[in-house]
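Taking this note's numbering, I'd label the letters of the sequence shown as residues 704 to 952. The block underneath contains the structure these notes are about, expressed in structure tokens.
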Amino acid sequence: MRAVSEFIYFVLDSLPPAIKDTGLILWARNRLRHREVLRRTRPLVTRPAYRKKIESQEFRVIFVSPIYKSFPVLAVSLLEQTYENWELLFIHDGPSSELGELERNIIASDNRIRFFETKSRANDWGHTPRQKGFEQVSDHIAGEFIVVSNSDNYHVPGYIEKMLEAFDDTTDAVYCNMSHDYYSWRNFDTRLEYSFIDCGCVMARREIALAAGWNDNSYEGDWKYVSDLIDQCGKERMQKLDATLFVHS
704 MRAVSEFIYF VLDSLPPAIK DTGLILWARN RLRHREVLRR TRPLVTRPAY RKKIESQEFR
764 VIFVSPIYKS FPVLAVSLLE QTYENWELLF IHDGPSSELG ELERNIIASD NRIRFFETKS
824 RANDWGHTPR QKGFEQVSDH IAGEFIVVSN SDNYHVPGYI EKMLEAFDDT TDAVYCNMSH
884 DYYSWRNFDT RLEYSFIDCG CVMARREIAL AAGWNDNSYE GDWKYVSDLI DQCGKERMQK
944 LDATLFVHS
């Protein structure tokens with residue numbers, strides 16, 4: 704079956720862009736690609752505690768991200784996820800008049816993507832927009848899990864599904880390995896220490912993430928969030944998924 708799927712994908716991918724990137728052909732290519740992602744990552748978690756809820760897409764995962772007149776790589780990566788029950792909250796750092804037409808079209812292409820802007824630009828590494836995002840999630844957006852990321856970050860197609868599979872009743876947060884441009888794009892073995900993890904690697908239960916909050920507007924704000932998650936639940940309730948599922952730009 705794998706050989707057949709690979710052959711079909713090869714044939715479809717060989718078509719001219721005007722054909723392969725539209726309609727049913729694009730849908731079929733994406734489904735075959737998703738199937739291969741899941742096949743390759745199946746050994747990561749052999750017996751997911753919440754298998755039935757994941758298969759029925761019962762959990763909703765909320766992504767909170769600042770954006771500032773940049774191409775929304777994050778949105779594109781979420782549109783490619785094998786798990787579809789997600790919501791993305793983009794908070795533009797100040798008025799969005801300089802956001803390009805292509806970027807706006809991508810953001811407007813899916814009703815799972817929400818877009819807000821702050822009255823003025825904070826220019827503080829996206830921390831003020833994240834704080835505004837946490838307020839919006841707390842008051843207006845339903846969901847069981849939260850991920851804090853950036854607009855230029857990329858989450859591989861199986862990110863949501865595999866991270867959810869690593870949760871059980873004794874786990875409040877899951878984190879994965881990453882690839883980072885600062886380290887020449889090599890796989891980076893994360894750990895719960897300063898300078899060894901990015902917030903985009905971490906998926907936390909809603910109540911834990913909101914209790915931790917976003918409390919630091921300095922350069923170290925990302926680590927402060929992870930540190931506050933540790934304070935909320937303890938390292939023993941933070942499970943590592945030993946796979947590179949996140950690309951930090």
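Built from N, CA and C at the ideal position, the CB exists for glycine as well.
Unbroken alpha helix (DSSP H) run spanning residue i, endpoints
{"i": "Y878", "result": "Unbroken run through Y878 is the beta strand (DSSP E), 876-883; no alpha helix (DSSP H)."}
{"i": "I844", "result": "It is not in any alpha helix (DSSP H) - I844 carries neither H nor E in the DSSP assignment."}
{"i": "E939", "result": "From DSSP, E939 is part of no alpha helix (DSSP H); its letter is neither H nor E."}
{"i": "R909", "result": "909-915"}
{"i": "L644", "result": "This structure gives no information on residue 644, because the portion of the chain shown stretches from 704 to 952."}
{"i": "I722", "result": "720-723"}
Continuous beta strand (DSSP E) stretch holding residue i: start and end
{"i": "I765", "result": "764-770"}
{"i": "I757", "result": "It is not in any beta strand (DSSP E) - I757 instead sits in the alpha helix (DSSP H) that spans 754-758."}
{"i": "I849", "result": "848-851"}
CB contact flag (residue i, residue j, <8 Å)
{"i": "G797", "j": "T821", "result": "yes"}
{"i": "E864", "j": "T749", "result": "no"}
{"i": "L932", "j": "A876", "result": "yes"}
{"i": "R734", "j": "K723", "result": "no"}
{"i": "I816", "j": "V779", "result": "no"}
{"i": "L781", "j": "F766", "result": "yes"}
{"i": "I757", "j": "F793", "result": "no"}
{"i": "S773", "j": "D855", "result": "yes"}
{"i": "F762", "j": "L867", "result": "yes"}
{"i": "R909", "j": "G846", "result": "yes"}
{"i": "L747", "j": "A946", "result": "yes"}
{"i": "P775", "j": "E806", "result": "yes"}
Any C-beta of chain D under 8 Å from that of residue i
{"i": "W888", "result": "Although the question refers to chain D, the structure presented lacks it and comprises just one protein chain."}
Supposed close pair residue i, residue j - CB separation, criterion 8 Å
{"i": "Y928", "j": "V850", "result": "That pair is no contact at about 11 Å."}
{"i": "C936", "j": "I911", "result": "5 Å"}
{"i": "C902", "j": "M881", "result": "The pair is not a contact, with the Cβ atoms about 11 Å apart (cut-off 8 Å)."}
{"i": "A869", "j": "L944", "result": "5 Å"}
{"i": "G924", "j": "H830", "result": "4 Å"}
| request: Would you check if the region 934-942 and the region 848-866 touch, i.e. whether three or more CB-CB distances between them fall below 8 Å? | output: With the cut-off at 8 Å, the region 848-866 and the region 934-942 do not touch.
| field | Minimum length 3: unbroken beta strand (DSSP E) runs contained in the region 783-846 | value | Counting whole runs of 3 or more residues, the region 783-846 contains the beta strand (DSSP E) stretches 789-795, 816-820.
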